[in-house]
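Chains as they are written, first to last, in our numbering: chain A, 1 to 112; chain B, 1001 to 1114.
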């Protein structure tokens, strides 16, 4: 059973378009992280959200943690080819634990 | 930039052989994780160490997999005997518990068992 489901699984868009990736669960998480992974490399942390309803911005990326801390979204404005990669969410179910379970991933391709 | 170093980068071995993967975590990090990534299953947590003590290895097939931290600068993941279904990319990650800085992942070991 996958605790964290991401949608869509695959996304191919043109440069300049906006997109939103979703991370959903029936479980409550004490904190949630988003990573980006490029081919041949390990995931790289983008952001951590810990408070229900929290919104964080990282340049053209906006991350939101759901009010009930069961879901999260990642919105990219004016996507660029450099945004291409596998986007992963990861949640920790217990406060104080550092054990994160990863979602199924969204593979994004931005075409020039 | 501090980084997690994993060796070897690629490993091809025959079924039944022993495989050892090594990881040098970032100096000062007190947690180390081993993950396995496949197209079908995504990233699966295999083992989790805090201050070199194993906290959770419930994701690991115990009959053939073992994970250890002989010292603070080295973590190992061993498979004996290896099977074709073990083919995957194995990642080590380290972090500092009590912060939300997240994990730093290594570049992985791509294991192919033929």
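For each residue, glycine too, the CB sits at the ideal point set by N, CA and C.
Distance between residue j and residue i (C-alpha atoms, nearest Å)
i	j	result
residue 1025 of chain B	residue 1003 of chain B	7 Å
residue 39 of chain A	residue 85 of chain A	7 Å
residue 71 of chain A	residue 104 of chain A	14 Å
residue 1040 of chain B	residue 48 of chain A	26 Å
residue 1009 of chain B	residue 1037 of chain B	14 Å
residue 1067 of chain B	residue 17 of chain A	44 Å
residue 67 of chain A	residue 1051 of chain B	34 Å
residue 55 of chain A	residue 73 of chain A	10 Å
residue 1080 of chain B	residue 1060 of chain B	13 Å
Supposed contact pair residue j and residue i - C-beta distance, whole angstroms, cut 8 Å
i	j	result
residue 1021 of chain B	residue 1076 of chain B	7 Å
residue 30 of chain A	residue 94 of chain A	6 Å
residue 102 of chain A	residue 1043 of chain B	4 Å
residue 1109 of chain B	residue 1089 of chain B	7 Å
Cross-chain neighbours of residue i in chain B, by beta carbon under 7 Å
i	result
residue 102 of chain A	1042, 1043
residue 41 of chain A	1107
residue 105 of chain A	1042
Per-residue contacts from residue i into chain A (C-beta, under 8 Å)
i	result
residue 1087 of chain B	Near residue 1087 of chain B there are no residues of chain A at all, since even the closest Cβ is about 16 Å away, more than 8 Å.
residue 1056 of chain B	99
Amino acids of chain A, ordered along the chain, whose beta-carbon sits closer than 7 Å to that of residue i
i	result
residue 1001 of chain B	By Cβ distance, chain A contributes nothing, its closest Cβ being about 11 Å from residue 1001 of chain B, past 7 Å.
residue 1048 of chain B	99
First and last residue of the uninterrupted beta strand (DSSP E) at residue i
i	result
residue 1042 of chain B	1042 to 1050
residue 92 of chain A	85 to 92
residue 5 of chain A	5 to 7
residue 109 of chain A	106 to 111
residue 73 of chain A	71 to 76
residue 35 of chain A	31 to 37
residue 56 of chain A	55 to 58
Contact set between residue i and chain B, taken where Cβ atoms lie within less than 9 Å
i	result
residue 88 of chain A	1042, 1043
Distance cut-off 7 Å: residue i Cβ against heavy atoms of the ligand COA
i	result
residue 1113 of chain B	The ligand COA is not among the ligands present in this structure, which contains no ligands whatsoever.
Could you tell me which uninterrupted beta strand (DSSP E) segments, each at least 3 residues in length, are contained entirely in the region 1006 to 1040 of chain B, listed from first to last along the chain? 1010 to 1013, 1019 to 1024, 1031 to 1038
Which ranges does the beta strand (DSSP E) cover as unbroken runs of at least 3 residues, wholly within the region 1055 to 1114 of chain B, from first to last along the chain? 1065 to 1071, 1074 to 1079, 1088 to 1095, 1109 to 1113
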